[in-house]
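Read in order, the letters of the sequence shown correspond to residues 27 to 289 in my numbering.
Heads up, the beta-carbon is just placed ideally off N, CA and C, and yes, glycines get one too.
Just so you know, these numbers come straight off a predicted model, no measurement behind them.
Okay, so here's the structure we're looking at.
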Amino acid sequence: MTCQDILPDLKDWFSDYVETFLSGDSNHRRNIELKVDHTRRVCAEILDVGKSLGLKGEDLCLAEATALFHDIGRFEQYARYGTYRDLVSEDHAVLGVGVLRENRVLERLEPPTSDLILRTVSYHNRAVLPENETNRCLYFSRLLRDADKLDIWRVVTDYYTQKNGTRNETIELDLPDTPDISERVYEDIMAGRLVRVDCLRTLNDFKLLQMGWIFDVNFPRTFHLVLERAYLKIIRDTLLPSKKVSEVFSKVQSYLEKHCHSV
Ligand SMILES: [Fe+2]
Numbered sequence: 027m028t029c030q031d032i033l034p035d036l037k038d039w040f041s042d043y044v045e046t047f048l049s050g051d052s053n054h055r056r057n058i059e060l061k062v063d064h065t066r067r068v069c070a071e072i073l074d075v076g077k078s079l080g081l082k083g084e085d086l087c088l089a090e091a092t093a094l095f096h097d098i099g100r101f102e103q104y105a106r107y108g109t110y111r112d113l114v115s116e117d118h119a120v121l122g123v124g125v126l127r128e129n130r131v132l133e134r135l136e137p138p139t140s141d142l143i144l145r146t147v148s149y150h151n152r153a154v155l156p157e158n159e160t161n162r163c164l165y166f167s168r169l170l171r172d173a174d175k176l177d178i179w180r181v182v183t184d185y186y187t188q189k190n191g192t193r194n195e196t197i198e199l200d201l202p203d204t205p206d207i208s209e210r211v212y213e214d215i216m217a218g219r220l221v222r223v224d225c226l227r228t229l230n231d232f233k234l235l236q237m238g239w240i241f242d243v244n245f246p247r248t249f250h251l252v253l254e255r256a257y258l259k260i261i262r263d264t265l266l267p268s269k270k271v272s273e274v275f276s277k278v279q280s281y282l283e284k285h286c287h288s289v
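Set out below in structure tokens:
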């Protein structure tokens, strides 16, 4: 069967599966719902970016399936460890592939199609994509990573600018909200490099890492949406003004503007 044939069933399976995790206290529920809502929005973002690239039919459907399942490992991760931090639990992408296999979610698809979805899910959170992959798989992986980032930017900017001031350690990765910016994080951004999660020491570092995701964006539509939604500016405005903050912002913003104008 094709992905188009079974996408409604895949969506039903997703809803039934996440429902089993929606018990427990309100904090637990809120954190599960955060990932359910994120998934639904990544599906919408991937359709948007995918269509901008001329995808349609089976390929657009395949892209949507990768978005639907990219964070399926998050639910088991939260149930087992009570955190979304891969570094202190497990790689949620690998966990997700295990969940899809154990539940035989993709078994009605042709093996090349289900393999492509599993590989794309498994790469979505990698620091860099593997070199020994097919162009097709790398293409779907880049698309998923763009769509995922678009919504993570939305989640964090909404969170940073919310008025009620309740902290959610799950979003902040349990990092301390102190005024420091780590030298290594600052240097990575200024060199146009992605910041590594294991270098993060403070919440400010994490905000810089999020600004630096722009260096990992692949498609014109994504750059345009980031500019239009002013994500980088919003994150900058949550940091105390300083020379380092201005330098970092101008580095990422000029990279973004260059990529918007060159297309
Ligand atoms: Fe993820």
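query, result
"N151 CB to nearest heavy atom of ligand 1 below 8 Å", "yes"
"Exposed unless 16 or more other CB atoms sit within 10 angstroms - verdict on R247", "buried"
"Element boundaries [alpha helix (DSSP H), containing K175]", "161–187"
"Unbroken stretches of the alpha helix (DSSP H), 4 residues or longer, contained in the region 67–123", "83–95, 99–107"
"Simplified DSSP assignment, three categories, for T264", "coil"
"Cut-off 7 Å between Cβ atoms - residues of its own chain near E71, not counting five sequence neighbours on either side", "A173, L176, D177"
"Candidates T28, D117, R66, A153: closest to P137 by CA position", "T28"
"Whole-number beta carbon distance between L135 and G76, since they are thought to touch under 8 Å", "In fact, because the Cβ distance is near 18 Å, the residues do not count as touching under 8 Å."
"Contact test: A93 Cβ vs ligand 1 heavy atom, cutoff 8 Å", "no"
"Beta-carbon spacing of V223, L235 below 9 Å", "yes"
"Distance cut-off 8 Å: R67 Cβ against heavy atoms of ligand 1", "no"
"Limits of the alpha helix (DSSP H) - the one that R130 falls within", "Premise fails: R130 is in no alpha helix (DSSP H) and is neither H nor E."
"Close Cβ partners of V123 (< 8 Å) along its chain, the five nearest in sequence each way excluded", "G99, L144, V147, S148"
"Residue span of the alpha helix (DSSP H) that contains G50, given as start and end", "Run containing G50: none; DSSP gives neither H nor E here."
"Neighbourhood of R55 by C-beta, 7 Å cutoff - its chain only, sequence neighbours within 5 removed", "L48"
"Nonlocal neighbours in the same chain, by C-beta distance under 8 Å from W39, ignoring five residues either side", "N129, V131"
"Contact test: A173 Cβ vs ligand 1 heavy atom, cutoff 8 Å", "no"
"Buried versus exposed, by CB contacts within 10 Å (16 or more), D184", "exposed"
"Distance cut-off 8 Å: A70 Cβ against heavy atoms of ligand 1", "no"
"Same chain, Cβ closer than 6 Å to I260, neighbours up to 5 away in sequence not counted", "T183"
"Cα-Cα separation, Q103 to K37", "20 Å"
"Where F245 falls: helix, strand or coil (DSSP)", "coil"
"Secondary structure of L57, DSSP reduced to three states", "For the sequence presented, residue 57 should be read as Asn rather than Leu. N57: helix per DSSP, three-state reduction."
"Three or more C-beta pairs below 8 Å linking the region 79–88 and the region 115–122", "no"
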